[in-house]
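Notes to accompany the following structure.
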Ligand code: SF4
Ligand code: SF4
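In the numbering used here, the protein residues as written are 7 to 200.
And the structure:
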């Protein structure tokens with residue numbers, strides 16, 4: 007007699023984690039594909055959004071949960087919410103993608119192709135952390151140091167400078183202490199996350 011497949015703990019854990027963090031029960035996705043058909047980045051993704059949902063549904067195969075965490079897709083997602091608007095089951099896929107990004111980082115499973123995207127995110131956050139605003143020049147320098155793309159888009163710099171888009175010195179928010187507390191609180195909450 008053929009035995010029924012059982013959910014593998016790794017696959018089940020990831021689906022449960024997604025449910026706990028987002029309220030999205032991936033089992034409700036019936037693979038209509040409307041999310042993928044509307045996603046502006048689907049052509050660039052290794053798995054379009056409906057396939058990411060499918061990977062999360064296959065609880066008995068841990069390698070599928072692993073593939074979702076190691077995918078390039080989760081880093082390409084723009085959080086534009088088109089998929090969410092189109093989904094007949096009202097599944098909040100952008101939130102799922104966000105949770106997968108957190109899990110991927112926490113488990114050290116970030117896709118190597120996402121290296122520059124992460125460098126950009128970190129440079130952006132550093133700018134906000136130290137000035138309370140986006141300081142473009144600081145962000146560009148930070149990004150280049152992190153990514154190693156020193157010459158990329160260099161010819162754009164003079165035009166941006168002349169157009170007043172790049173400032174040499176940052177503008178800072180007045181209440182820096184509040185900013186510091188906000189970041190400290192967020193980092194503490196992240197450390198305490200199970
Ligand atoms: S939120 Fe992400 S997955 Fe959804 S349509 Fe936009 S880019 Fe695609
Ligand atoms: S639109 Fe919704 S139900 Fe259809 S495949 Fe995408 S997530 Fe699943």
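Glycine residues also receive a C-beta, built at the ideal position from the N, C-alpha and C atoms. Note that the structure is a prediction, hence the values are computed from the model and not measured.
With 16 other Cβ atoms within 10 Å as the buried cut-off, status of residue i
i	result
residue 61	buried
residue 181	exposed
residue 89	buried
residue 82	buried
residue 30	buried
residue 41	buried
residue 95	exposed
residue 195	exposed
Integer-rounded CB distance, given that residue j should sit under 8 Å from residue i
i	j	result
residue 68	residue 14	4 Å
residue 63	residue 24	Contact doesn't hold; Cβ gap of about 11 Å is too wide.
residue 153	residue 132	At roughly 13 Å, the Cβ-Cβ gap does not stay under 8 Å, so residue 153 and residue 132 are not in contact.
residue 149	residue 129	4 Å
residue 138	residue 193	Not really, about 16 Å apart at Cβ, beyond 8 Å.
Separation of residue j from residue i, as counted between CA atoms
i	j	result
residue 160	residue 146	10 Å
residue 48	residue 22	25 Å
residue 8	residue 35	At residue 8, the pLDDT of 46 sits below 50, so the modelled position is not reliable; the number obtained from the coordinates is stated separately. Answer to the nearest angstrom: the Cα atoms are 27 Å apart.
residue 134	residue 183	13 Å
residue 151	residue 38	43 Å
residue 50	residue 85	15 Å
Own chain partners of residue i with C-beta closer than 8 Å, once the 5 adjacent residues on each side are dropped
i	result
residue 58	74, 77, 79, 80, 99, 102, 103 and 106
residue 172	142, 143, 146, 163 and 166
residue 55	41, 42, 45, 48, 79, 83, 89, 99 and 103
Spatial neighbours of residue i in its chain, beta-carbon cut-off 7 Å, leaving aside the 5 residues before and after
i	result
residue 18	65
residue 28	98, 101, 102 and 105
residue 120	78 and 81
Cβ shell of residue i (< 6 Å), same chain only, five flanking positions each side left out
i	result
residue 140	133
residue 71	16, 17 and 20
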